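Engineer: Please find one structure pasted underneath; my questions will follow.
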Amino acid sequence: MKHFARRLKAQDNINTDYVISGRYKFKIQDPDELAKHIFEDIDPAFAARVQKGDVLVAGENFGCGSSREQAPQSLKQAGFFAIAAKSFARIFYRNAFNIGLLLVECDTSFIDDGDELELDIGKGKLKDRSKGLVLDIKPVPMVMKKLLEDGGVVEHFKKHGGFKFE
Amino acid sequence: MGKTIAEKILSDHSGQDLRAGDIAVCDVDFCFGQDGTSSIIIDSFKKLGVKQAFDKSKFYMIIDHSAPSPNIGVSTIHKKMRDFAKLLDVGMYDIGCGVCHQLVPQKGHVTCGDLVLGADSHTCTYGAINVFSTGVGSTDLAITLASGKNWFRVPETIKVIVTGKLPKGVYSKDVILCIIKDIGSNGATYKAVEFYGDTISAMSVDARFTISNMAVEIGAKIGIMEADAKVLKWVAEHSTKEPNPVKADLNARYVAVKKYDVSKLSPQVAKPHAVDNVSNVEELSGVKIDQAFLGTCTNGRLEDLEIAATILKGKPVHPDVRFVIAPASKEIFLQASKKGLVETFVKSGCSVLGPGCGPCVGTHNGVLADGEVAISTANRNFKGRMGNPNSFIYLASPATVAASALAGRIADPREFKKRL
Chain A
131 MKHFARRLKA
141 QDNINTDYVI
151 SGRYKFKIQD
161 PDELAKHIFE
171 DIDPAFAARV
181 QKGDVLVAGE
191 NFGCGSSREQ
201 APQSLKQAGF
211 FAIAAKSFAR
221 IFYRNAFNIG
231 LLLVECDTSF
241 IDDGDELELD
251 IGKGKLKDRS
261 KGLVLDIKPV
271 PMVMKKLLED
281 GGVVEHFKKH
291 GGFKFE
Chain S
333 MGKTIAEKIL
343 SDHSGQDLRA
353 GDIAVCDVDF
363 CFGQDGTSSI
373 IIDSFKKLGV
383 KQAFDKSKFY
393 MIIDHSAPSP
403 NIGVSTIHKK
413 MRDFAKLLDV
423 GMYDIGCGVC
433 HQLVPQKGHV
443 TCGDLVLGAD
453 SHTCTYGAIN
463 VFSTGVGSTD
473 LAITLASGKN
483 WFRVPETIKV
493 IVTGKLPKGV
503 YSKDVILCII
513 KDIGSNGATY
523 KAVEFYGDTI
533 SAMSVDARFT
543 ISNMAVEIGA
553 KIGIMEADAK
563 VLKWVAEHST
573 KEPNPVKADL
583 NARYVAVKKY
593 DVSKLSPQVA
603 KPHAVDNVSN
613 VEELSGVKID
623 QAFLGTCTNG
633 RLEDLEIAAT
643 ILKGKPVHPD
653 VRFVIAPASK
663 EIFLQASKKG
673 LVETFVKSGC
683 SVLGPGCGPC
693 VGTHNGVLAD
703 GEVAISTANR
713 NFKGRMGNPN
723 SFIYLASPAT
733 VAASALAGRI
743 ADPREFKKRL
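Protein sequence lines, in the order shown, are assigned to chains A and S.
With the first letter of the first sequence counted as 1, position 61 gets the number 191 in this note's numbering; the numbers rise by one all the way through.
With the first letter of the second sequence counted as 1, position 214 gets the number 546 in this note's numbering; the numbers rise by one all the way through.
Dropping the structure here:
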């Protein structure tokens, strides 16, 4: 599957209120319905541009603010294959891997909206095929790899009867 | 090498000798969810296939963010929470009880040295009473509800030392906004913060909660303080749990030490649309406001209401301003009522809501119109936070908010020096 970059105009400190507003997350439980409203307060046209398999590209501290799991959940539901950012906020980081959404940290400065991307987690590389760039990904911690392999923390927990990171 | 508070509490709860950077599974002393996060806690818990809570007394659900329910969608979630509480035979604070971060310490669920998880980012609030408390997502919370455990990466620690006597009209909210301005919204991501200094020691426990509450606004995992005599007294008055105060070692390792002299600090105001976008109040006087809000887990405590009432007493709120007030708990509401504060508010023309989060998160109780400006004692001013992306939110202390409500514009509470 081909992956294309999706970038917002805003780059750093995109908080989870912006990912999915409190206006929606308190009253809507259906993830498909929530996914229609992602980033509505900062870019109302964005949600409609997302295609299945896209990679969301952002700057520093993506996902700061509220602990709402509806944020990674609605991004996953919108079709994002992964999120690439310079850094992630702590709670969002856990939440994403817990539900099996891949996050990669790398220097995203030169990736433009629409660029074709290729991810190789094993080799720790993100390739921007449109630019001919090869970016180093910060190694995914062992715990996160394990959760991702098992399909999220619920599946991990059921499979091992608890946490098993060794 | 000695240990930080975070290293000690996580070591205590894992049975291992842990240092910053280590990852360990720890036992959690208390956990909870609120009405914005509990629906997914319930779904994830059910997916785990577990039938009961790890300990019925160590999990609560709190309905505070949209309480009472403003629409059918929220009502459905509230009902789901009530049904789940019955099914698991676990505790619940329903509408009218108050904000989760007031209730959890006030009702005695946590004490010094505890390890606490909440499905709400401002769970860091109880750092003020020496608790390692931090926010997680709903599925993480469901794992803890099922097992009593979760995994933790031991954070590095930043030491923050605040010194100097606060000038009249300047409060703990101004101190934390000043720190957030300096460190920035990404400056302590993944880290613990330990707060020290004579300014903190001089503060009441209520005032200290305001500081720990906002630690997450610089990305921190916890914002913790030592348990001094004031904290031990407060904890003894609220909880029957045995406190286990934890101090950092003198030779503990810090990744940074930050010092602030606040003896000449002005009242601070965070401007739209970021919490670290902070100015001195003098630079903003003249910004017209349409709504003022006093309350929340940051500043909805008795002391906050008292400060606002002192400024308001006998004066009408500006005719172009709506002033919304929500006490942080039922007990605070009752005390405020007994002390005549509620009467002061109502006579000044304020709209006093029941205990809860009020309009903080934009689902009800004072949603702004396009182009409107609010000044609030809450902890976030993101675009759209109070329900309308075309409105503007300023954050300040209860004194600055009350002064502004009278003036109809952002006002310096030091103008009311004689009253304070």
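Ideal Cβ placement from N, Cα and C applies to all residues, glycine included.
Just so you know, these numbers come straight off a predicted model, no measurement behind them.
So what's S/R717 in DSSP terms, helix, strand or just coil?
Structural biologist: Residue state, collapsed to three classes: coil.
Engineer: Give the interface partners of A/V147 over in chain S, defined as CB-CB distance under 9 Å, in chain order.
Structural biologist: Note that residue 147 of chain A is Asp in the sequence shown, not Val. In chain order: V693, G694, R712, F714, K715, G716 and R717.
Engineer: Mind reading off the beta-carbon distance from S/D387 to S/G480? Whole number of angstroms is fine, and I expect it under 8 Å.
Structural biologist: That pair is a contact at about 6 Å.
Engineer: If you compare alpha carbons, which of S/P487, S/G459 and S/A539 is closest to S/L498?
Structural biologist: The candidate whose alpha carbon is nearest that of S/L498 is S/A539.
Engineer: With a threshold of 9 Å between beta-carbons, can A/F240 be considered close to chain S, or not?
Structural biologist: By this cut-off, A/F240 is not an interface position.
Engineer: Taking Cβ positions only, does A/Q159 come closer than 9 Å to chain S?
Structural biologist: Interface residue, yes.
Engineer: Residues in its own chain within less than 6 Å of S/D636 by CB, not counting five upstream and five downstream?
Structural biologist: Here the set comprises P730.
Engineer: Along chain S, which residues have their Cβ under 7 Å away from the Cβ of A/K288?
Structural biologist: Within 7 Å Cβ-Cβ: L380 and G381.
Engineer: Measuring only between beta-carbons, confirm whether A/S204 sits less than 9 Å from chain S.
Structural biologist: It does not; no Cβ of chain S falls within 9 Å.
Engineer: Check for me: the alpha helix (DSSP H) holding S/E638 runs from which residue to which?
Structural biologist: That run of the alpha helix (DSSP H) goes L634 to L644.
Engineer: Can you list, in chain order, the residues of the region 474-485 of chain S whose Cβ is nearer than 9 Å to any Cβ on chain A?
Structural biologist: Answer in chain order: A474, I475, A478, S479, K481, N482, W483 and R485.
Engineer: Measuring straight from C-alpha to C-alpha, what distance separates S/A739 and S/S370?
Structural biologist: Distance between the alpha carbons of S/A739 and S/S370 is about 40 Å.
Engineer: Looking only at DSSP bridge pairs, what is S/A451 linked to?
Structural biologist: In DSSP, S/A451 forms a bridge with S/G365.
Engineer: By how many angstroms is the C-alpha of S/H441 removed from the C-alpha of S/V431?
Structural biologist: Going by the C-alpha atoms only, they are around 14 Å apart.
Engineer: Quick check on this structure: which residue in S/D426, S/P691, S/N697 and S/A728 has the alpha carbon closest to the alpha carbon of S/M546?
Structural biologist: For the residues S/D426, S/P691, S/N697 and S/A728, the minimum Cα distance to S/M546 belongs to S/A728.
Engineer: Go to S/R485, then tell me how far its beta strand (DSSP E) extends in each direction, as first and last residue.
Structural biologist: Segment K481 to R485, the beta strand (DSSP E) holding S/R485.
Engineer: How about A/D237: is its C-beta nearer than 9 Å to some C-beta of chain S?
Structural biologist: It does not; no Cβ of chain S falls within 9 Å.
Engineer: Is S/W497 helix, strand or coil by DSSP?
Structural biologist: Sequence check: residue 497 of chain S is Lys here, not Trp. The answer is coil: DSSP assigns S/K497 none of H, G, I, E or B.
Engineer: Relative to the C-alpha of S/I543, which candidate in S/N403, S/K418 and S/C629 has its C-alpha closest?
Structural biologist: Considering only alpha carbons, the answer is S/C629.
Engineer: Should A/A177 be flagged as near chain S, meaning a C-beta pair shorter than 9 Å?
Structural biologist: False, the Cβ-Cβ gap to chain S never drops below 9 Å.
Engineer: Less than 8 Å between the CB atoms is what I'm expecting for S/E638 and S/L673, so what's the real figure, rounded?
Structural biologist: About 6 Å; that satisfies the 8 Å criterion.
Engineer: By Cβ distance, which residues of its chain are closer than 6 Å to S/D652, with the 5 residues on each side in sequence left out?
Structural biologist: Hits under 6 Å: G740.
Engineer: Am I right that S/N753 and S/Q600 are in contact with their C-beta atoms under 8 Å? What's the rounded C-beta distance?
Structural biologist: One cannot answer for residue 753 of chain S here, as it falls past the ends of chain S, which runs 333 to 752.
Engineer: Would you check if there are 3 or more beta carbon pairs closer than 8 Å linking the region 405-414 of chain S to the region 698-716 of chain S?
Structural biologist: Not touching, per the Cβ criterion.
Engineer: Under three-state DSSP, which class holds A/R163?
Structural biologist: Note on identity: in this sequence residue 163 of chain A is Glu, with Arg being the wrong assignment. It is helical.
Engineer: Determine the chain A residues that contact S/G551 at a beta-carbon separation under 8 Å, and present them in chain order.
Structural biologist: In chain order: N191, C194, A219 and R220.
Engineer: Going along the chain, which residues of its own chain have a beta-carbon closer than 8 Å to the beta-carbon of S/R485, five neighbours each way excluded?
Structural biologist: Closer than 8 Å at the Cβ level, and outside the excluded window around S/R485, lie G353, D354, I355 and Y522.
Engineer: Since S/A606 meets chain A, which of its residues come closer than 8 Å, beta carbon to beta carbon?
Structural biologist: Going along chain A in sequence order, the residues near S/A606 (Cβ under 8 Å) are N143.
Engineer: Determine the burial state of S/N722: buried for a count of at least 16 other Cβ atoms within 10 Å of its Cβ, exposed for fewer.
Structural biologist: It is exposed - the Cβ of S/N722 has fewer than 16 other Cβ atoms within 10 Å.
Engineer: Would you call S/K541 buried or exposed, if buried means 16 or more other Cβ atoms sit within 10 Å of its Cβ?
Structural biologist: Residue 541 of chain S is actually Phe in this sequence, not Lys. Buried, by the Cβ-count rule.
Engineer: CB A/V284 to CB S/L380, shorter than 9 Å?
Structural biologist: Cβ distance < 9 Å, so A/V284 and S/L380 count as in contact.
Engineer: Three-state secondary structure (DSSP) at A/E246?
Structural biologist: A/E246: strand per DSSP, three-state reduction.
Engineer: At least one CB of chain A closer than 9 Å to the CB of S/P687: is that the case?
Structural biologist: Chain A contact via Cβ: absent.
Engineer: Counting only beta-carbon separations shorter than 9 Å, does S/H433 have a partner in chain A?
Structural biologist: Taking Cβ atoms only, chain A never reaches closer than 9 Å to S/H433, which makes this a no.
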